[in-house]
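A quick write-up on the structure given underneath.
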Amino acid sequence: MTISGIEFLFLYTAHPIPCISVKARKRLRRELPAEIQITSDTVGISCAQKMLEQGVISQDRYKQITSVFEGDITIADGGEAGLHPALQDFMGHDIRATFLGHRQNETTDAPLHFSFVEPYHLFPYDNLSVGSIISRAIDSFVKPFPNIDVGRWAQILREAAVYRPIASGQLILQERMEEAEFLFVICFGLFSVIANNQEVAVLHSGNFFGENVFVSGDKKRTAHVKALTYGIVIGLNADVIHEFLNDNPDVKRRFYHLAEARELLSRTMIFGKLDVTEKTNLALSLNNIHLNAGDYLIRKGETEDCGYVLAHGALEIPGTEIVFTPPSIVGEFTAAGFTERRTADIKATEDFTSVYRITSNDLKRLMESNPDIEMQLREMARARGLKV
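Quick note: the sequence shown uses my numbering, first residue 20, plus one each step.
Written out as structure tokens, the structure reads:
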């Protein structure tokens with residue numbers, strides 16, 4: 020159908036339930052068509068392929084689904100839970116797109132993609148694929164915080180977040196040189212964290228950095244962060260995040276625990292090279308224990324099979340000159356199963372000493388999935404005269 024020189028085409032959307040989308044095409048003087056199309060809910064390529072294999076849709080229907088996003092500009096209505104992550108399957112980085120989102124009031128099991136849930140149209144993305152990637156990364160960032168105030172969080176993203184594309188090789192933070200004004204969430208790309216001239220972590224989508232200002236109160240950066248690839252980060256204003264955490268004590272407690280424990284693990288010889296996801300999961304599983312001067316953490320001969328990572332203060336083996344300072348690990352040989360009983364007493368020498376407790380099951384699981392950790396522990400045990 021053609022009206023005033025504009026050709027209108029009607030076709031199925033990229034949705035398993037047949038819906039109609041419309042495409043408008045107009046020839047310009049250069050005789051190249053300019054197109055804009057409006058489509059409804061979407062399904063990802065993998066889902067469409069599965070439906071084809073199971074006979075749910077025909078080959079013709081499959082072709083219709085996978086050819087919807089061929090225009091210059093697409094306006095996509097994303098459904099109850101905001102933008103469908105599967106839309107990323109269709110959209111390449113060279114395609115310009117605009118997103119029109121809605122959300123019904125019914126409870127849904129689908130994750131809320133805060134970047135696009137109405138009315139929070141937060142960032143001026145001119146590429147829907149990039150928007151989907153960022154939406155997923157923000158979801159990953161908040162996953163450890165089940166009690167988060169979703170409405171307030173979305174407001175922070177809208178009002179106090181900065182969107183920053185980062186070139187490969189660009190230095191984002193400088194150790195001891197830069198004031199900590201932002202907490203950064205990685206949306207895309209790989210980033211290297213370097214402290215004391217050593218790489219301590221490689222971060223990817225959904226990871227965050229710059230959290231030391233919340234934990235230690237030190238506004239000077241404690242590490243370099245450098246982009247290993249092209250990337251995208253979202254910067255969250257530190258003052259606004261402080262206010263948000265103070266208003267959400269459960270989220271604040273969990274955030275502080277995660278930030279401190281993860282940073283502590285990064286400084287240990289054994290856990291420092293863990294993948295960031297493994298390190299985050301381990302940090303969330305650790306229990307924090309506080310001691311005063313003279314309190315015993317470990318008693319010789321006991322069969323308790325956990326290890327401890329020292330976060331603050333100091334520990335000693337009484338009657339010896341052996342003193343442990345952060346980020347020392349103690350009790351690891353019993354936790355690893357190398358000894359059945361504790362081989363020495365260990366007590367705190369300072370008030371406000373704190374340690375993080377790692378269970379034997381968690382340590383053994385890491386030893387199985389990371390042979391280097393088991394090898395390091397065995398070498399350390401042999402150096403102390405244990406037969407393992």
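Glycine residues also receive a C-beta, built at the ideal position from the N, C-alpha and C atoms.
DSSP beta-bridge partners of residue i
| i | result |
| --- | --- |
| residue 261 | The partner list for residue 261 (beta bridge, DSSP) is empty, contrary to what the question assumes. |
| residue 183 | 252 |
| residue 408 | With the chain covering only 20 through 407, there is no way to say anything about residue 408. |
| residue 157 | Partner(s): none; residue 157 has no beta bridge. |
| residue 228 | 203 |
| residue 326 | 377 |
| residue 315 | 366 |
| residue 310 | 372 |
| residue 222 | 210 |
| residue 21 | 26 |
| residue 396 | Answer is none; residue 396 lacks a bridge partner. |
Cβ-based neighbour list, residue i, same chain, cut-off 6 Å, excluding 5 preceding and 5 following
| i | result |
| --- | --- |
| residue 360 | 320, 322 |
| residue 212 | 219, 220, 242, 244 |
| residue 210 | 222, 244, 246 |
| residue 317 | 350, 361, 365 |
| residue 187 | 246, 248, 249 |
| residue 286 | 346 |
| residue 26 | 44 |
| residue 315 | 366 |
| residue 189 | 246 |
| residue 200 | 257 |
| residue 363 | 319, 336 |
Test item: CB-CB of residue i and residue j under 9 Å
| i | j | result |
| --- | --- | --- |
| residue 303 | residue 264 | no |
| residue 375 | residue 328 | yes |
| residue 400 | residue 343 | no |
| residue 202 | residue 230 | yes |
| residue 273 | residue 299 | no |
| residue 392 | residue 305 | no |
| residue 28 | residue 45 | no |
| residue 175 | residue 206 | no |
| residue 68 | residue 81 | yes |
| residue 204 | residue 164 | no |
| residue 369 | residue 332 | yes |
| residue 171 | residue 267 | yes |
| residue 262 | residue 385 | no |
For residue i, three-class secondary structure by DSSP
| i | result |
| --- | --- |
| residue 290 | coil |
| residue 217 | strand |
| residue 390 | helix |
| residue 305 | coil |
| residue 243 | strand |
| residue 373 | strand |
| residue 276 | helix |
| residue 200 | coil |
| residue 285 | helix |
| residue 378 | coil |
| residue 352 | helix |
| residue 175 | helix |
| residue 405 | coil |
| residue 342 | strand |
| residue 362 | coil |
| residue 45 | strand |
| residue 26 | strand |
| residue 209 | coil |
Presumed contact (8 Å Cβ cut-off) between residue i and residue j, rounded CB distance
| i | j | result |
| --- | --- | --- |
| residue 184 | residue 283 | That pair is no contact at about 32 Å. |
| residue 295 | residue 226 | 5 Å |
| residue 411 | residue 354 | What is shown of the chain runs 20 to 407, which leaves residue 411 out entirely. |
| residue 330 | residue 367 | Actually they do not touch by this definition, with Cβ atoms about 12 Å apart. |
| residue 289 | residue 348 | 6 Å |
| residue 156 | residue 256 | Going by Cβ atoms, the distance from residue 156 to residue 256 rounds to 18 Å, so no, they are not a contact pair. |
| residue 412 | residue 301 | Within the shown structure, residues of the chain are numbered from 20 to 407, placing residue 412 beyond reach of any answer. |
Same chain only: Cβ atoms within 7 Å of residue i, ignoring 5 sequence neighbours per side
| i | result |
| --- | --- |
| residue 271 | 264, 265 |
| residue 269 | 166 |
| residue 397 | 407 |
| residue 20 | 27 |
| residue 168 | 267 |
| residue 254 | 180, 181, 183, 201, 203 |
Other residues of its chain near residue i: CB distance less than 8 Å, five sequence neighbours each side excluded
| i | result |
| --- | --- |
| residue 341 | 335 |
| residue 309 | 371, 372, 373 |
| residue 78 | 71 |
| residue 357 | 396, 397, 400, 405, 407 |
| residue 224 | 152, 155, 156, 159, 205, 206, 207, 208 |
Proximity test, residue i beta-carbon vs the ligand FMN heavy atom, cut-off 8 Å
| i | result |
| --- | --- |
| residue 266 | Because no ligand of any kind appears in the structure shown, any question about the ligand FMN cannot be addressed here. |
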